[in-house]
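A.B. asks: Residue numbers (this note's numbering): 14 to 301.
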Amino acid sequence: MKFQSFGKSLFIGFIVMLSICWGQSNYSKIPFATYLMLPVSAEDEALAGVKPFFWNNPAATSDENSFVLGGYRNRFGVFNDEYIAGELSSGKWSAFSQLGITSVSGIEGRRFATSEPDYVFSANRANLLLGGNFKWKYFAIGLFWRHIYENLELRQFDANTFSGGLVFSYKNLMAGVSATDYGSNRPYFDYEYSPPTMYRAQIWYSYRFLSAGAGFFKPDMEKYYGAFAVEASPINWLNLRCSYTLFHDSRSFAFGTGFEWNKIGLNYALVLMGELGDVHSISLGYEF
C-alpha cells in the first residue's frame with residue numbers, strides 16, 4: 014500500500030513538473046541541425062541525449078548482461094525518419110548496427126535578413142551505422158563508422174564519418190565523453206543548418222526506481238548547451254521520462270513514457286520544437 018501511495022505521489026509530481034517546464038519553454042531559436050542528426054530511440058529523445066546510449070556514445074550499451082536486442086523506431090512531425098537497429102552483447106564486448114532513412118520538407122533558408130525565406134528546400138538522407146565497444150573493469154571504449162548518403166534538392170552527398178567514446182561505470186553511476194562526426198566539414202547541408210561535430214559529456218545516476226543525469230554538449234561553430242533529464246519507474250513495467258534543455262538563448266522540453274512486457278519494449282516521446290513544430294517518436298524493441 015505504501016508503495017502504491019508513493020508511486021501515485023511520484024506520478025503527480027511528474028505531471029506538475031511537466032506542466033511547469035512546458036510553460037517555461039521557449040524554443041524558437043533552437044538550431045534545426047541539433048535535431049537533424051543521428052537517428053536515436055524514443056527513449057533517447059525523451060531524455061535529450063543525457064543518458065549514454067550507443068548512438069550518442071559508442072562505448073555505452075543497453076545492459077551489462079549478455080543479450081541480443083532488435084528495435085524499430087519511427088519519428089514524425091516537422092521531419093520524418095525511421096530506422097531498424099540491432100545490438101549484440103556478451104557482457105565484455107558488444108556490437109551494434111543501425112539503418113535509417115530521414116526525409117525533410119519545407120526547410121526555410123535566408124541569404125539576407127528578410128521576413129520571408131529566400132528559398133525553401135527538402136532533403137532525403139540514408140545512413141548506415143556499424144560499431145562496437147569493449148569493456149575493461151570500470152571502463153569501456155567504443156567506435157562506430159557511419160556512411161551517409163544525402164540528396165539535397167539537385168545535389169547529392171556521400172561520406173564516411175567516424176565517432177568514438179569512453180564510458181566509466183561504477184555501481185549506479187555512469188559517466189561518459191564522446192565525439193560524434195555528423196559531416197560538418199563536408200559540403201552538405203551547408204545552407205543555414207550545417208550538422209556539426211558534437212562533443213558530449215554525460216553523467217547518469219540511478220537509485221532504486223529513480224534515475225537522473227546531466228549532459229553538456231558543444232557543437233562545432235556553436236555555443237555549448239546543457240540538458241537535464243529524469244527517469245522514474247514506479248512500476249516495474251512503466252517508465253516516465255522528461256528532460257529540459259538549456260541553449261544559450263533558448264530552451265526546450267521533451268517527455269515520454271515506456272512500457273516493458275515479456276521482453277518487449279514500447280517507448281513514446283514528444284519533443285517540442287517551437288516554430289518548427291512538434292516531433293513524435295515511437296520505438297519498439299525486443300530482447301531475445
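Ideal Cβ placement from N, Cα and C applies to all residues, glycine included. A quick note: this is a predicted structure, and the numbers were derived from the prediction, not measured.
On the three-state DSSP scale, how would you describe residue 291?
C.D. replies: Residue state, collapsed to three classes: strand.
A.B. asks: Counting along the chain, where does the beta strand (DSSP E) carrying residue 244 start and finish?
C.D. replies: First-last of the beta strand (DSSP E) with residue 244: 238-248.
A.B. asks: Report all residues from its chain with a CB closer than 6 angstroms to the CB of residue 99; omit the five preceding and five following residues, and keep chain order.
C.D. replies: 83 and 110.
A.B. asks: So for residue 98, helix, strand or coil by DSSP?
C.D. replies: Three-state result, residue 98: strand.
A.B. asks: Work out the CA separation of residue 116 and residue 225 for me, nearest whole Å.
C.D. replies: Going from the Cα of residue 225 to the Cα of residue 116 covers about 32 angstroms.
A.B. asks: Of all the options 195, 146, 148 and 156, which has the alpha carbon lying nearest to the alpha carbon of residue 139?
C.D. replies: Comparing Cα positions, the closest option is 195.
A.B. asks: Since residue 68 sits in a beta bridge, which residues does DSSP pair it with?
C.D. replies: Answer is none; residue 68 lacks a bridge partner.
A.B. asks: Give the secondary structure of residue 284 by DSSP, where H, G and I count as helix, E and B as strand, and everything else as coil.
C.D. replies: Three-state DSSP puts residue 284 in a strand.
A.B. asks: In this structure, does DSSP put residue 61 in helix, strand or coil?
C.D. replies: Residue state, collapsed to three classes: coil.
A.B. asks: Assign residue 55 to one of three DSSP states: helix, strand, or coil.
C.D. replies: DSSP places residue 55 in helix when its eight states are reduced to three.
A.B. asks: Alpha carbons only, please: which of 163, 141 and 175 is nearest the one belonging to residue 156?
C.D. replies: Selected option, being the one with the closest Cα: 175.
A.B. asks: Looking at residue 170 and the ligand PLP, is the gap between the Cβ and the nearest heavy atom below 7 angstroms?
C.D. replies: Looking at this structure, you won't find the ligand PLP or any other ligand, since it has none at all.
A.B. asks: Given a cut-off of 8 angstroms on the beta-carbon distance, is the pair residue 296 and residue 55 in contact?
C.D. replies: Result yes, Cβ atoms of residue 296 and residue 55 sit closer than 8 angstroms.
A.B. asks: In three-state terms, what does DSSP make of residue 87?
C.D. replies: DSSP places residue 87 in strand when its eight states are reduced to three.
A.B. asks: Taking the DSSP output, what are the residues bridged to residue 273?
C.D. replies: Per DSSP, 278.
A.B. asks: From which residue to which residue does the beta strand (DSSP E) around residue 258 run?
C.D. replies: Run containing residue 258: 251-259, per the beta strand (DSSP E) assignment.
A.B. asks: Looking at residue 268 and residue 254, is the spacing between their C-beta atoms short of 8 angstroms?
C.D. replies: Against a cut-off of 8 angstroms, the Cβ pair of residue 268 and residue 254 comes out as a contact.
A.B. asks: Is residue 106 closer than 8 angstroms to residue 144 when the C-beta atoms are compared?
C.D. replies: No; because the gap between Cβ atoms is not below 8 angstroms, this pair is not in contact.
A.B. asks: Using a threshold of 8 angstroms, state whether the C-beta atoms of residue 59 and residue 66 are closer than that.
C.D. replies: Their beta carbons are not under 8 angstroms apart, which means residue 59 does not touch residue 66 by this criterion.
A.B. asks: Taking the alpha-carbon positions, what's the residue 228 to residue 193 distance?
C.D. replies: Taking the straight line from one Cα to the other gives about 15 angstroms.
A.B. asks: Do you know whose CA, among 252, 259 and 211, lies nearest residue 221's CA?
C.D. replies: Looking at the Cα atoms, 252 is the closest of the given residues.
A.B. asks: Can you tell me whether DSSP reads residue 200 as helix, strand or coil?
C.D. replies: Confidence at residue 200 is low in this model, with a pLDDT of 44, below 50, so its placement is unreliable and the value that follows should be read with caution. Coil, per DSSP.
A.B. asks: Spell out whether any CB of chain B is found under 8 angstroms from the CB atom of residue 233.
C.D. replies: No chain B appears in this structure, which consists of one protein chain only.
A.B. asks: Identify the residues that DSSP records as bridge partners of residue 148: which are they?
C.D. replies: Partner(s): 153.
A.B. asks: Can you tell me which of 159, 81, 112 and 242 puts its alpha carbon nearest to the alpha carbon of residue 103?
C.D. replies: It is 81 whose Cα lies nearest to the Cα of residue 103.
A.B. asks: Does residue 147 pass the burial test, meaning 16 or more other C-beta atoms within 10 Å, or should it be called exposed?
C.D. replies: By the neighbour-count rule (16 or more Cβ atoms within 10 Å), residue 147 is not buried but exposed.
A.B. asks: Would you identify the three-state DSSP class for residue 235, choosing helix, strand or coil?
C.D. replies: Three-state result, residue 235: coil.
A.B. asks: Per DSSP, what kind of secondary structure is residue 221 in: helix, strand or coil?
C.D. replies: It is coil, neither helix nor strand.
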